[in-house]
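Numbering of the sequence shown is given in this note's numbering, commencing with residue 3 and proceeding in unit increments. For every residue, glycine included, the Cβ atom is placed at its ideal position computed from N, Cα and C.
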Amino acid sequence: MINNRVNVRYRLFAAGYCTHSEYLTLRGGTRRTIGFPAVFACVEHPVLGPILYDTGYSSRFFTETVQFPYSLYRRMTPVFFREEESAVNQLQREGIDARSIKYIIVSHFHADHIGGLIDFPEATFIYMRKAYRAVASRRGWSALLAGFLPGLVPSNIEARSLLVEEYAVPIELDARMHPFRTGYDLLGDGSLIAVEVSGHAAGMLGLYFSTEREEVFLCADSAWSSRAYRENRLPHPLAKLIKSDWQEYVRNLDHLHRLHQANPGVRIVPTHCGEVWSHIRKGEMPGCR
Numbered sequence: 003m004i005n006n007r008v009n010v011r012y013r014l015f016a017a018g019y020c021t022h023s024e025y026l027t028l029r030g031g032t033r034r035t036i037g038f039p040a041v042f043a044c045v046e047h048p049v050l051g052p053i054l055y056d057t058g059y060s061s062r063f064f065t066e067t068v069q070f071p072y073s074l075y076r077r078m079t080p081v082f083f084r085e086e087e088s089a090v091n092q093l094q095r096e097g098i099d100a101r102s103i104k105y106i107i108v109s110h111f112h113a114d115h116i117g118g119l120i121d122f123p124e125a126t127f128i129y130m131r132k133a134y135r136a137v138a139s140r141r142g143w144s145a146l147l148a149g150f151l152p153g154l155v156p157s158n159i160e161a162r163s164l165l166v167e168e169y170a171v172p173i174e175l176d177a178r179m180h181p182f183r184t185g186y187d188l189l190g191d192g193s194l195i196a197v198e199v200s201g202h203a204a205g206m207l208g209l210y211f212s213t214e215r216e217e218v219f220l221c222a223d224s225a226w227s228s229r230a231y232r233e234n235r236l237p238h239p240l241a242k243l244i245k246s247d248w249q250e251y252v253r254n255l256d257h258l259h260r261l262h263q264a265n266p267g268v269r270i271v272p273t274h275c276g277e278v279w280s281h282i283r284k285g286e287m288p289g290c291r
């Protein structure tokens, strides 16, 4: 447990979105088609500067899904993206140059989270070994079934990576984060705590941090919407086909639900939540710089 944590600032962005029928992502949902934003975060550390959590889509998604079988990806998951929405371009408009990004925390290796990795040539990538191991050798159908597009990953990614299990200090989480019990102190100062939330994908990482105003838990795809964790509502049974471990997914969604009930002061942010997206577009995310 860390008593003296370093506070950070953060801002959320969305780099494109995809569409699905609501009922596939939320049991009991409607059959209407809704948008699922590819949210990424820029966390500003007082010493290390801007650090990214994922990158959302980029135009490379379209170039990498021209050939069969990868072309099925864009057919099954229609993606809407404009070049100005890329992580690198949005950050540039905020005065943050791509080369100033020294670290990118990769929650997992699905295409909607890693689309912009190649745009940050100076970045070191932080992720769990088992997250990349689960997809690294996959090509063709095998990659498609894992939601992975090999061409989105920098060719030298392994030389530029820090594996969480190997370098980060395991810690006991504060009671305010229970029932999540264990995390990893990524920077050694308590500012950014990685929490494994596997189930949707192997080795998936959430990110817990504090600002001067609030505590924040970026929970990646452990819930597809805020309603899902508030109501502990699972997706349609068909979603089991794309989960790495259904039982882990069920357990971690339940953990999010219990965390929210016990400590609603922790802001839980699912990557693809429409409510979060609406707040981003309106500039209504408290705690963002």
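- Message: So, for residue 21: in the same chain, excluding its five sequence neighbours on each side, which residues have a beta-carbon less than 6 Å away from its beta-carbon?
- Response: Position 19 of the sequence shown, counting from 1, holds the residue named residue 21. Same-chain partners within the cutoff: 35, 37 and 80.
Can you round the beta-carbon distance between residue 106 and residue 93 to whole angstroms, since I take them to be within the 8 Å contact cut?
Within the sequence shown, residue 106 is the residue found at index 104, counting from 1. Within the sequence shown, residue 93 is the residue found at index 91, counting from 1. Not confirmed; about 12 Å, so no contact.
### Query
Taking the alpha-carbon positions, what's the residue 2 to residue 100 distance?
Here the chain covers residues 3 to 291 and nothing more, so residue 2 does not appear.
Can you check which of these residues, 265, 244 and 228, is closest to residue 255 by C-alpha distance? Taking the first residue of the sequence shown as 1, we reach residue 255 at position 253. Checking every option, the nearest Cα to that of residue 255 belongs to 228.
### Query
Would the beta-carbon of residue 13 fall within 7 Å of that of residue 213?
Within the sequence shown, residue 13 is the residue found at index 11, counting from 1. Within the sequence shown, residue 213 is the residue found at index 211, counting from 1. Contact flag unset, no.
Using DSSP's beta-bridge definition, name the partner residues of residue 93. Position 91 of the sequence shown, counted from the first residue, corresponds to residue 93. Residue pairing from DSSP leaves residue 93 without any beta-bridge partner.
Check your understanding: How would you write the range of the alpha helix (DSSP H) that residue 142 sits in, first residue to last?
Key -> Along the sequence shown, one-based indexing puts residue 142 at 140. Secondary structure note for residue 142: its alpha helix (DSSP H) is the uninterrupted segment 142-147.
Residue 274 to residue 55, Cα distance in whole Å? Residue 274 sits at position 272 when you count from the first residue of the sequence shown. Residue 55 sits at position 53 when you count from the first residue of the sequence shown. When rounded, the distance between both Cα atoms is 14 Å.
Q. Quick one: what's got a C-beta closer than 6 Å to residue 292's C-beta in the same chain, skipping five residues either side?
A. An answer regarding residue 292 cannot be provided, because it is not within the stretch 3 to 291 covered by the chain.
- Query: How big is the Cα-Cα spacing for residue 257 and residue 164?
  - Reply: Along the sequence shown, one-based indexing puts residue 257 at 255. Along the sequence shown, one-based indexing puts residue 164 at 162. Whole-angstrom Cα-Cα distance: 27 Å.
Segment limits, alpha helix (DSSP H) that includes residue 27: Locating residue 27 in the sequence shown gives position 25, where the first residue counts as 1. In the DSSP annotation of this structure, the continuous segment of the alpha helix (DSSP H) that includes residue 27 starts and ends at 24-27.
State buried or exposed for residue 142, treating a residue as buried only when at least 16 other CB atoms are found within 10 Å of its CB. Residue 142 sits at position 140 when you count from the first residue of the sequence shown. By the 10 Å Cβ count, residue 142 comes out exposed.
**Asked** How big is the Cα-Cα spacing for residue 183 and residue 69?
**Response** Along the sequence shown, read from residue 1 onward, the residue named residue 183 stands at position 181. Along the sequence shown, read from residue 1 onward, the residue named residue 69 stands at position 67. For residue 183 and residue 69, the distance between alpha carbons rounds to 43 Å.
query = Is it right to say residue 147 is buried, meaning 16 or more other beta carbons lie within 10 angstroms of its own, or is it exposed?
reply = Numbered from 1 along the sequence shown, position 145 holds the residue referred to as residue 147. Under this definition residue 147 is an exposed residue.
- Query: Can we say the region 237-251 touches the region 23-31, given the rule of at least three CB pairs closer than 8 Å?
  - Reply: The answer is yes - the region 23-31 touches the region 237-251, with three or more Cβ pairs under 8 Å.
Q) Of the residues 61, 247 and 166, which one's Cα is nearest the Cα of residue 91? A) Working through the sequence shown from its first residue, we reach residue 91 at position 89. The alpha carbon of residue 91 has as its nearest neighbour, out of 61, 247 and 166, the alpha carbon of 61.
Exercise for review: Give me the Cα-Cα distance between residue 116 and residue 108, rounded to the nearest whole angstrom.
Suggested key: Taking the sequence shown and counting its residues from 1, the one referred to as residue 116 is at position 114. Taking the sequence shown and counting its residues from 1, the one referred to as residue 108 is at position 106. The C-alpha of residue 116 lies about 7 Å from the C-alpha of residue 108.
Since residue 246 and residue 136 should fall inside the 8 Å C-beta cutoff, what is the C-beta to C-beta distance between them, to a whole number of angstroms? For the purposes of this step, residue 246 is identified with residue 244 of the sequence shown, where counting begins at 1. For the purposes of this step, residue 136 is identified with residue 134 of the sequence shown, where counting begins at 1. With a Cβ gap of about 7 Å, residue 246 and residue 136 count as contacting.
For residue 187, the three-state DSSP class (helix, strand or coil): Position 185 of the sequence shown, counted from the start, is the residue given in the question as residue 187. In the structure shown, the three-state DSSP call for residue 187 is strand.
request  = Specify the secondary structure class of residue 202 as computed by DSSP and reduced to three states.
outcome  = Here residue 202 corresponds to residue number 200 of the sequence shown, with the count starting at 1. DSSP places residue 202 in coil when its eight states are reduced to three.
Review point. When burial is assigned at 16 or more other CB atoms within 10 Å of the CB, is residue 49 buried or exposed?
Key: For the purposes of this step, residue 49 is taken as residue 47 along the sequence shown, with counting starting at 1. Label assigned to residue 49: exposed.
> Excluding sequence positions up to five away, which residues of its chain have a Cβ less than 6 Å from the Cβ of residue 236?
Replying inline: For the purposes of this step, residue 236 is identified with residue 234 of the sequence shown, where counting begins at 1. Cβ within range, chain order: 29.
For the alpha helix (DSSP H) containing residue 276, list its first residue and its last residue. As a position in the sequence shown, residue 276 is number 274, starting the count at 1. From DSSP, the alpha helix (DSSP H) with residue 276 extends over 276-284.
Checklist line | Candidates 139, 104, 138 and 203: closest to residue 123 by CA position | finding: Numbered from its first residue, the sequence shown carries residue 123 at position 121. Among 139, 104, 138 and 203, the Cα nearest to that of residue 123 belongs to 104.
- Count the other CB atoms within 10 Å of the CB of residue 67; is the residue buried (16 or more) or exposed (fewer)? Residue numbering aside, residue 67 sits at position 65 when the sequence shown is read from its first letter. With 16 or more Cβ atoms within 10 Å of its Cβ, residue 67 is classed as buried.
*Determine which residues share a DSSP beta bridge with residue 51 and list them.*
What you label residue 51 is simply residue 49 of the sequence shown in a count that begins at 1. According to DSSP, which records beta bridges pairwise, residue 51 is partnered with 47.
**Straight-line gap, residue 58 to residue 177 (C-alpha atoms, nearest Å)** = If you number the sequence shown from 1, residue 58 lands on position 56. If you number the sequence shown from 1, residue 177 lands on position 175. Looking at the two C-alpha atoms, the distance is approximately 31 Å.
Is any non-hydrogen atom of the ligand MG found closer than 6 Å to the C-beta of residue 11, if you look at the structure I gave you?
In the structure on display, the ligand MG does not appear, and there are no ligands present to speak of.
*What did DSSP end up calling residue 271 once you bin it into helix, strand or coil?*
Within the sequence shown, numbered from 1, the residue matching residue 271 stands at position 269. Residue 271 falls in the strand class under three-state DSSP.
Q. What span of residues does the alpha helix (DSSP H) with residue 252 cover, start to end?
A. In the sequence shown, the residue the question calls residue 252 occupies position 250. Counting along the chain, the alpha helix (DSSP H) containing residue 252 begins and ends at 248-264.
*Roughly how many angstroms separate the alpha carbons of residue 218 and residue 7, rounded to a whole number?*
Position 216 of the sequence shown holds residue 218. Position 5 of the sequence shown holds residue 7. Distance between the alpha carbons of residue 218 and residue 7: 13 Å.
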